[in-house]
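Going by full-length UniProt numbering, the first residue of the sequence shown is number 1, and it counts up by one from there. Written out below as structure tokens is the structure these notes cover.
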Amino acid sequence: MPGLGRLVVIGLGLIGGSFAKGLRAKGLFREVVGVDLDPQSRRLAVENGVVDRCERDLAVACQGAAVIQLAVPIIAMERLLADLARLDLGQAVLTDVGSAKGNVVAAARQAFGADLPRFVPGHPIAGSERSGVEAANGELFRRHKVILTPLAETDAEALSRVDRLWRELGADVEHMDVTHHDQVLAATSHLPHLLAFGLVDSLAKRSENLEIFRYAAGGFRDFTRIAGSDPVMWHDIFLANREAVLQNLDAFRDDLDALRAAVDAGDGHHLLGVFTRARVAREHFGKILARRAYVDAMHTNDLIYLAQPGGRLSGRLRVPGDKSISHRSIMLGSLAEGTTEVEGFLEGEDALATLQAFRDMGVVIEGPHHGRVTIHGVGLKGLKAPPGPLYLGNSGTSMRLLSGLLAGQPFDTVLTGDASLSQRPMNRVAKPLREMGAVIETAAEGRPPLTIRGGQRLTGMHYEMPMASAQVKSCLLLAGLYAAGETSVAEPAPTRDHTERMLQGFGYPVAVDGNIACIESGHRLVATQIEVPADISSAAFFMVAASIADGSELLLEHVGINPTRTGIIDILKLMGADIALENQREVGGEPVADIRVRAARLKGIDIPEDLVPLAIDEFPVLFIAAACAEGRTVLRGAEELRVKESDRIQVMADGLAALGVKAEPTPDGIVIEGGAYGGGEVYSHGDHRIAMSFSVAALRAGAPIRIHDCANVATSFPGFLDLAARAGMGVREEGK
Ligand code: S3P
1 MPGLGRLVVI GLGLIGGSFA KGLRAKGLFR EVVGVDLDPQ SRRLAVENGV
51 VDRCERDLAV ACQGAAVIQL AVPIIAMERL LADLARLDLG QAVLTDVGSA
101 KGNVVAAARQ AFGADLPRFV PGHPIAGSER SGVEAANGEL FRRHKVILTP
151 LAETDAEALS RVDRLWRELG ADVEHMDVTH HDQVLAATSH LPHLLAFGLV
201 DSLAKRSENL EIFRYAAGGF RDFTRIAGSD PVMWHDIFLA NREAVLQNLD
251 AFRDDLDALR AAVDAGDGHH LLGVFTRARV AREHFGKILA RRAYVDAMHT
301 NDLIYLAQPG GRLSGRLRVP GDKSISHRSI MLGSLAEGTT EVEGFLEGED
351 ALATLQAFRD MGVVIEGPHH GRVTIHGVGL KGLKAPPGPL YLGNSGTSMR
401 LLSGLLAGQP FDTVLTGDAS LSQRPMNRVA KPLREMGAVI ETAAEGRPPL
451 TIRGGQRLTG MHYEMPMASA QVKSCLLLAG LYAAGETSVA EPAPTRDHTE
501 RMLQGFGYPV AVDGNIACIE SGHRLVATQI EVPADISSAA FFMVAASIAD
551 GSELLLEHVG INPTRTGIID ILKLMGADIA LENQREVGGE PVADIRVRAA
601 RLKGIDIPED LVPLAIDEFP VLFIAAACAE GRTVLRGAEE LRVKESDRIQ
651 VMADGLAALG VKAEPTPDGI VIEGGAYGGG EVYSHGDHRI AMSFSVAALR
701 AGAPIRIHDC ANVATSFPGF LDLAARAGMG VREEGK
């Protein structure tokens with residue numbers, strides 16, 4: 001935006017000063033002029049390079065300005081706006097930094113009239129322990145969120161001008177409407193401050209409570225830290241955002257009353273429910289949301305893996321628990337009568353999304369702690385309406401399976417997900433569920449979010465699945481728990497059968513006859529113990545790694561080898577891999593083995609199509625095996641790969657090409673010529689399995705591989721980098 005004229009910043013405190021200083025350093029404006037009532041601040045602002053010059057007089061400063069930033073305390077805003085309205089501001093764009101927006105907009109309308117095309121209300125969510133112009137820091141907003149709340153009449157050019165300025169300062173800009181902003185801030189910032197101020201005061205003014213301060217331990221200190229904030233500023237904010245604060249406060253008072261009643265009645269179940277939900281919300285979702293909100297949206301979520309070439313794998317390792325089984329353990333454990341204990345639960349973001357969804361529907365779930373989860377089942381009819389939409393992150397399994405189960409509930413639900421999940425096809429479940437009587441709304445082309453209307457009468461039916469999908473099959477069987485009569489699903493090829501097995505494990509009859517699974521409503525699930533085996537889909541990375549890295553020998557312990565999942569082993573063996581299953585046993589209805597893998601010379605093959613559904617999640621890493629094999633590997637009949645967490649055919653083909661591998665995508669597969677390859681930059685497109693596959697590829701690369709966008713590895717394989725390093729792979733997070 002070179003050639004912009006003058007930026008005027010009114011109010012040279014921490015926020016105004018930092019805004020001025022950062023933009024001045026960027027040289028976007030011909031000059032940056034500060035206005036402040038305090039002569040000391042004006043002097044310091046010039047001395048410290050915050051502005052080019054200062055003015056006392058508003059009219060002189062603003063005459064012919066391009067952008068005017070209002071950075072005065074919220075209480076002074078009304079007066080300032082009235083003063084500005086008396087001036088000729090020409091084409092200047094007006095913006096502000098107030099932490100409540102409704103009142104600023106109302107004041108602006110009062111001052112300027114109802115129409116405010118050149119006013120762009122804004123709110124940077126940033127601060128510092130320090131204050132005043134002397135603390136101004138041009139980097140203050142980097143990686144911080146700035147919310148702009150444009151009005152219906154806001155001029156597009158004015159909005160994009162302000163938007164651009166904040167982005168230049170490294171901020172992550174979001175647009176929101178005014179009311180929404182004030183509600184969100186009331187909940188996330190204003191209410192906690194009110195409670196902290198209020199609690200400290202309440203304790204302090206009772207003299208008998210003085211003891212509390214003497215013995216103040218972590219709990220008091222941590223909870224009340226924000227009561228040390230600026231009282232005047234906060235007093236302003238509560239007056240400015242009164243309505244939204246009151247609404248949130250009232251809702252909280254109801255919940256507090258319920259907690260009080262539970263303590264009074266000795267209702268441990270209620271307390272445990274609140275505390276376990278709160279804890280996970282705080283710890284886990286805090287992390288996910290913080291990453292998504294503050295980092296992803298800025299496109300600097302780019303967690304980069306740097307994989308060094310070469311390496312040899314050895315030792316024994318146990319990869320985390322099976323993702324499919326972990327999801328189902330929470331679902332069925334919640335719907336069972338009694339307490340289900342799960343061991344080996346996968347503490348990855350996908351399975352945790354399912355866990356959180358059930359907590360939101362009133363199920364008390366303890367853990368996970370070292371893979372142990374205790375689920376206090378509520379029975380098939382015991383779920384409660386969740387307080388809001390169920391956010392399922394990256395997890396297609398959660399969304400598809402839940403949609404079946406939720407179609408039969410008496411309440412409405414909304415299912416949402418991240419950017420990748422929001423692109424995935426849901427008609428494959430919505431369509432048959434509708435045939436059973438469900439009412440489901442989707443976004444365009446059957447994409448999420450899904451709104452599932454409760455209180456429908458579902459009727460069982462027979463469904464011939466057009467694609468081999470365990471998710472669709474499971475979705476319909478779960479709906480069948482609530483549908484009148486029988487629900488049966490025929491699959492065109494075998495897919496994973498964990499749902500059928502686990503339903504039986506919970507004592508619920510499922511008839512399996514050839515390719516048809518059939519369930520009838522009216523039975524019940526009885527709590528049980530579940531031991532989740534290690535996930536063969538996670539073990540797959542190490543199977544390929546040990547196969548392609550010369551001199552490797554690795555033992556993968558306690559891996560689930562359900563025959564509907566072992567396509568990876570069969571395909572690798574066809575390619576000449578040296579894989580042996582040892583110590584085969586059955587654990588809780590699922591076959592398990594230790595898998596020994598030794599390095600071998602792989603050769604290219606035509607992958608038998610009947611193995612495709614049995615290895616559906618393992619193709620990204622199988623493509624790496626193919627790149628290291630002698631000759632050509634051909635995959636057909638795998639169009640499903642195009643609608644996974646990413647288009648796995650295209651994304652892998654692009655990555656392989658970047659390394660110099662000849663890889664030709666086809667509509668339903670890929671043709672890969674094995675041979676030597678180099679290093680380079682590859683993009684996982686946020687797909688966990690692609691990120692891990694290219695980490696494996698480095699074992700045979702001629703140079704390092706930089707893999708972009710790896711944060712989602714945490715969805716299925718927490719601790720991947722540590723395990724990989726322990727096994728002998730040279731992959732780590734860049735910069736660590
Ligand atoms: C899953 C089934 C598969 C698989 C997914 C997990 C499951 O999806 O890709 O990772 O747990 O049922 P489809 O059934 O859609 O192929």
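Built from N, CA and C at the ideal position, the CB exists for glycine as well. Note that the coordinates shown come from a computational prediction; the quantities given were computed from them, not determined experimentally.
Counting only the Cα atoms, residue 354 lies some 14 Å from residue 475.
Taking 4 residues as the minimum length, the alpha helix (DSSP H) runs contained wholly in the stretch 304 to 345 are 323 to 335, in order along the chain. Of the residues assessed, residue 644 falls on the buried side of the cut-off, its CB having 16 or more other CB atoms within 10 angstroms. Between the ligand S3P and the CB of residue 573, the shortest heavy atom gap is not smaller than 7 Å. Minimum Cα-Cα distance from residue 378 among the listed residues 273, 412, 662, 115 corresponds to 273. Beta-bridge analysis with DSSP links residue 591 to 586. Residue environment for residue 583: exposed (fewer than 16 other C-beta atoms within 10 angstroms of its C-beta). Between the alpha carbons of residue 658 and residue 701 lies a gap of roughly 12 Å.
For residue 386, there is no enclosing beta strand (DSSP E), as DSSP marks it with neither H nor E. Rounded to whole angstroms, the separation of the alpha carbons of residue 715 and residue 394 is 7 Å. By the CB criterion at 8 Å, residue 505 and residue 589 fall inside the cutoff. In this structure, residue 730 keeps its C-beta atom at 8 Å or more from the C-beta atom of residue 417.
For residue 276, the closest of 382, 119, 720, 365 by C-alpha to C-alpha distance is 365.
Here DSSP, grouped into helix, strand and coil, assigns residue 709 to coil. Nearest to residue 538 by C-alpha distance, out of 561, 518, 549, 520, is 561. Your pair residue 694 and residue 92 does not check out as a contact, with CB atoms roughly 50 Å apart and the cut at 8 Å. Closer than 7 Å to some heavy atom of the ligand S3P: that describes the Cβ of residue 471. Leaving aside the five residues that flank residue 400 on each side, the residues in its chain whose CB is nearer than 6 Å to its CB run, in chain order, 429, 471, 475. Taken in chain order, the complete beta strand (DSSP E) segments of 3 or more residues contained in the stretch 422 to 510 are 439 to 443, 447 to 453, 462 to 464, 486 to 490. By alpha-carbon distance to residue 80, the top candidate from 110, 51, 54, 100 is 110. Out of 442, 624, 619, 529, the CA that lies nearest to the CA of residue 548 is found in 624. Under DSSP, no beta-bridge partner is assigned to residue 63.
Using a Cβ distance threshold of 8 Å, residue 145 and residue 186 do not count as a contacting pair. Taking one beta carbon from each stretch, the stretch 605 to 621 and the stretch 567 to 579 have 3 or more pairs nearer than 8 Å; the two touch. The C-beta distance from residue 42 to residue 34 rounds to 7 Å, short enough to meet the 8 Å contact threshold. Put simply, the backbone Cα of residue 176 is about 14 Å away from that of residue 98.
Relative to the ligand S3P, residue 474 has its C-beta within less than 7 Å of a heavy atom. Per the C-alpha coordinates, the member of 201, 225, 226, 178 positioned closest to residue 240 is 178. Taking the CA atoms as reference points, residue 452 sits about 10 Å from residue 433. Residue 599 and residue 412 have their alpha carbons spaced roughly 53 Å apart. Counting only unbroken stretches of 4 or more residues, the alpha helix (DSSP H) elements lying wholly within the stretch 36 to 62 are 39 to 47, 58 to 62, in sequence order.
In the structure shown, residue 134 falls within a helical segment according to DSSP collapsed to helix, strand and coil. If you draw a straight line from the Cα of residue 575 to the Cα of residue 315, it comes to about 23 Å.
It is roughly 26 Å from the alpha-carbon of residue 437 to the alpha-carbon of residue 493. With respect to residue 375, residue 340 sits close: the two C-beta atoms are nearer than 8 Å. Check the Cα spacing between residue 646 and each of 622, 721, 591, 425: the tightest is with 425.
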